[in-house]
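Numbering (my numbering), first residue to last: 261 to 539.
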């Protein structure tokens, strides 16, 4: 995917979506954040800009954005220093952070805004293995919140500071990204997870670790997967999904329009897998 394409997507994303942006230098993040939040202002959202540093100084990062200073004055925009919100070096507590954003979204709506849109440089929150693991799970929980409420976000990561492997893992749990990924798996409203792209032997290990990292929760005894935008799934991918559901004492329910999944389930004789037609 070209680097510009995710912003083109983001500008048409509306108020329920989630993008991962990997950047190489701070000016690139500020430019993309300006575009993303500018679209949020045009959509009538309250917008937040989150990055490292003094909040007062950070406000100047987006001063060229039309309407930015007025939005700051009237409460339509807020600047947050990430150091004032998160404990340095500590893994994020996903459930708590999701509740914080849910409350902030409700407050924005109550104040007359169409929703909440956030652009954040979250690099400091994924520097250690423990932080990264906690944040992958949190991104999944945030996906589900965004699917249900008028909340959208762009999570940005410094490639040099985070590393290619971590960037790939994080990009793979976002619906939208400027990073080329073979698959993406993320939270959805009516399903535990949605999967898009292709899952084969070349990405099998990453798919398995990502699935284990997001920990989709069973609902009514089922781990439900929306695979309507999945173009290929090999037998190992299906086995990983089935094994995960079994580990949660649940049935795996896969909704897909691709007939290969049903055929694989039949050939592999997986008793805890049910395939439903999707479009």
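In this text, a Cβ means the ideal position worked out from N, Cα and C, and glycines have one as well.
(message) Can you tell me whether residue 258 is helix, strand or coil according to DSSP?
(response) Since the first residue of the chain shown is 261 and the last is 539, residue 258 is not available in this structure.
(request) Taking the CB atoms as reference points, tell me whether residue 417 and residue 360 lie closer together than 8 Å. (result) no
(request) For residue 430, count neighbouring C-beta atoms within 10 Å of its own C-beta (all shown protein chains included) and say buried if the count is 16 or more, exposed if not. (result) buried
(request) Could you give the DSSP three-state label for residue 344: helix, strand or coil? (result) helix
(message) Between residue 283 and the ligand ADP, is there a pair consisting of the residue's CB and a ligand heavy atom that are separated by less than 7 Å?
(response) As for the ligand ADP, it is missing from this structure, which has no ligand bound.
(request) Flag residue 384 as yes if its beta-carbon sits less than 8 Å from any beta-carbon of chain B, otherwise no. (result) The structure shown contains no chain B; it holds only a single protein chain.
(message) Could you tell me the alpha carbon to alpha carbon distance between residue 525 and residue 492, rounded to whole angstroms?
(response) Computed Cα separation, rounded: 14 Å.
(message) Looking at the strands, I want to know which residues DSSP matches up with residue 278.
(response) 413
(message) Rounded to whole angstroms, what is the Cα-Cα separation between residue 502 and residue 508?
(response) Each residue's CA atom was taken as its position, placing residue 502 and residue 508 some 10 Å apart.
(message) I need the DSSP call for residue 491, collapsed to helix, strand or coil.
(response) strand
(request) Output yes or no for whether 8 Å exceeds the beta carbon distance between residue 397 and residue 474. (result) yes
(request) Leaving aside the five residues before and after residue 331 along the sequence, list all residues of the same chain whose C-beta is less than 8 Å from its C-beta, in chain order. (result) Counting only residues of its own chain and dropping the five nearest sequence neighbours on each side, residue 331 has a CB closer than 8 Å to the CB of 301, 307 and 337.
(request) Provide the residue(s) that pair with residue 542 in DSSP beta bridges, ordered along the chain. (result) Here the chain has residues from 261 to 539 only, and residue 542 is not among them.
(message) With distance defined between alpha-carbon atoms, name the residue in 435, 413 and 440 nearest to residue 425.
(response) Closest option to residue 425, Cα to Cα, is 440.
(request) Put residue 318 into one of helix, strand or coil per three-state DSSP. (result) helix
(request) Decide yes or no for the touch test of the segment 351 to 359 against the segment 310 to 325: beta carbon pairs closer than 8 Å, at least 3 of them. (result) no
(request) Any chance you could list the alpha helix (DSSP H) runs of at least 4 consecutive residues sitting entirely within the segment 349 to 416, in chain order? (result) 354 to 370 and 389 to 408
(message) By the three-class DSSP mapping on this structure, what secondary structure does residue 306 have?
(response) strand
(request) Taking residue 484 and residue 434 to be in contact with their CB atoms under 8 Å, please state how far apart those CB atoms are, rounded to whole angstroms. (result) Contact doesn't hold; Cβ gap of about 20 Å is too wide.
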